[in-house]
Amino acid sequence: MIDFRSDTVTKPTEGMLAAMFTAKVGDDVFGEDETVNALEKKTADLFGMEAGMFCPSGTMTNQIAIKCFTQPLDEVITDQTAHVYRYEGGGIMFNSAASVRLLNGDRGRITAEMIETEINPIGNVHHPHSSLVVLENTVNRGGGSFYTLDQIEPIYHLCRLKGLKLHLDGARIFNALAASGDSAKGYGQYFDGISVCLSKGLGAPVGSVLLASKETIKYARRVRKVMGGGMRQAGFLAAAGIYALDHHIERLKEDHLHAQQIADSIKNLPFVKGLMPVDTNIIIFELNEQKDADHFVEELKHKGILCGTFGKQMIRFVTHLDITADQTQQTIDILKNKV
Ligand SMILES: Cc1ncc(COP(=O)(O)O)c(C=O)c1O
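The opening residue of the sequence shown carries number 1 in my numbering; numbering runs sequentially from there.
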């Protein structure tokens, strides 16, 4: 099976497994796991942030960040496609008792102008207090669209001016960096919190790191414990993360190339009604009216390709570490020979 359902499906490579087996571990809830400590420091240094905290998932790092940057009755401003809103089970309400103001960005990307008009006036008891902006880069539902740092800079200035915190859901931040050529340290300057996933394009089996100031991370560790995310000998998992940062960042461009090759070869095929621009490793296309998405996915499964639906007529392919150039070509051949 060639599995394009998500970049989360990758299996650890031999090198990664060797790093995991030989990791030096301790009890991370006591702060004694040297591999976890090394991963947290390495990730924080990469982005020029003060501190990091290893968590089992990107959902947890996002939700902890939102908890750290809001008070109950506050409001979070984000795009209507945002993972923190759509795919984290309503966690903003459950964990932080905050409401959400949704914007309609360009493939998930919002601007300072859009945000400014939605910030509630301070001190008016009718309104929730606008306290946090969350950006996602790359944007999953935007078909892997990405912000450049130039586009984020005005949002950062607006947040500073209005006293709002700025958090980045960087589940695929390294894909954004690979596509834009921006530096990780630039991100560290602008964001109060960054969630970096190791288990998407970077190919680790588990884990995300929340980056922020030392003070924020100190509180974040309390929140992680409350959420049940304090892990013990987590260094076996952190070792995979360190390996991923050392070995799997440079190669992300290959995933982008494979996505582009697939997009180029399907855009004029009869079953494709429309294709979103492909900027990174995500391909989203709309099927023509005669094709039902569930049926299409089943048909491809019988031909050895796994992909996902993204709405009634929409299909998503995600390229990743476990998709080779040969498999990309095989996929193109299979798709071209379809109806
Ligand atoms: C944009 C985005 N943010 C956050 C997450 C959450 O990551 P996890 O599945 O590790 O909770 C995902 C997962 O796919 C994602 O696509």
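Cβ coordinates follow ideal geometry from the N, Cα and C atoms, glycine included.
In the DSSP output, what is residue i paired with across the bridge?
i	result
glycine 286	For the sequence presented, residue 286 should be read as glutamate rather than glycine. Paired residues: Gly274, Met314.
serine 99	Glu75
valine 139	Ser145
glycine 308	Arg316
aspartate 106	Arg109
Whole angstroms is fine: what's the gap from residue i's alpha carbon to residue j's?
i	j	result
glutamine 118	threonine 35	Note on identity: in this sequence residue 118 is glutamate, with glutamine being the wrong assignment. C-alpha separation (whole angstroms): 43 angstroms.
leucine 404	asparagine 120	Lying outside 1 to 339, the shown extent of the chain, residue 404 is not represented and no answer is given.
isoleucine 332	arginine 224	44 angstroms
arginine 222	glycine 304	45 angstroms
tyrosine 187	glycine 143	21 angstroms
phenylalanine 30	alanine 238	16 angstroms
tyrosine 352	cysteine 68	Any question about residue 352 goes unanswered here, given that the chain covers just 1 to 339.
glutamine 330	aspartate 192	44 angstroms
threonine 324	proline 72	47 angstroms
aspartate 7	glycine 163	36 angstroms
alanine 97	leucine 149	31 angstroms
histidine 127	aspartate 74	9 angstroms
glutamate 136	isoleucine 242	23 angstroms
methionine 314	leucine 132	31 angstroms
alanine 38	isoleucine 152	29 angstroms
glycine 123	threonine 43	38 angstroms
glycine 91	threonine 319	28 angstroms
tyrosine 27	threonine 13	Residue identity differs from the one stated: residue 27 is aspartate in this sequence, not tyrosine. Their Cα atoms are separated by approximately 26 angstroms.
aspartate 326	asparagine 95	45 angstroms
glycine 308	isoleucine 284	10 angstroms
valine 339	proline 270	Reliability of the predicted coordinates at valine 339 is poor, the pLDDT of 43 falling under 50, and no value is obtained from them.
lysine 200	threonine 10	8 angstroms
glycine 58	glycine 203	14 angstroms
leucine 158	isoleucine 115	9 angstroms
leucine 245	threonine 328	24 angstroms
leucine 177	glutamate 250	10 angstroms
leucine 335	glycine 52	43 angstroms
glycine 274	valine 226	45 angstroms
Does residue i pass the burial test, meaning 16 or more other C-beta atoms within 10 Å, or should it be called exposed?
i	result
methionine 93	exposed
glutamate 215	exposed
histidine 83	buried
threonine 280	buried
histidine 302	exposed
methionine 1	exposed
glutamine 63	buried
arginine 141	buried
histidine 258	buried
glutamate 286	buried
histidine 248	buried
leucine 252	buried
leucine 161	exposed
glutamate 40	buried
arginine 232	exposed
valine 139	buried
Could you give the residue range of the alpha helix (DSSP H) that holds residue i?
i	result
histidine 258	252 to 266
leucine 39	34 to 47
alanine 82	Taken as a continuous stretch (DSSP letters only), alanine 82 belongs to no alpha helix (DSSP H), as it is neither H nor E.
leucine 177	173 to 180
valine 297	293 to 302
asparagine 62	58 to 69
phenylalanine 30	No alpha helix (DSSP H) contains phenylalanine 30, which DSSP labels as neither H nor E.
alanine 325	325 to 336
methionine 1	Taken as a continuous stretch (DSSP letters only), methionine 1 belongs to no alpha helix (DSSP H), as it is neither H nor E.
methionine 340	Residue 340 lies beyond the residue range present for the chain, which begins at 1 and ends at 339; the question has no answer from this structure.
Compare the C-beta of residue i with all C-beta atoms of chain D and state if any pair is closer than 8 angstroms.
i	result
threonine 148	Of the chains in the structure shown, none is chain D; there is only one protein chain.
Which residue comes first and which comes last in the beta strand (DSSP E) that contains residue i?
i	result
isoleucine 194	193 to 197
glutamate 136	129 to 136
methionine 53	51 to 55
aspartate 169	165 to 170
leucine 343	The chain is shown only over 1 to 339; residue 343 falls outside these bounds and no answer can be derived.
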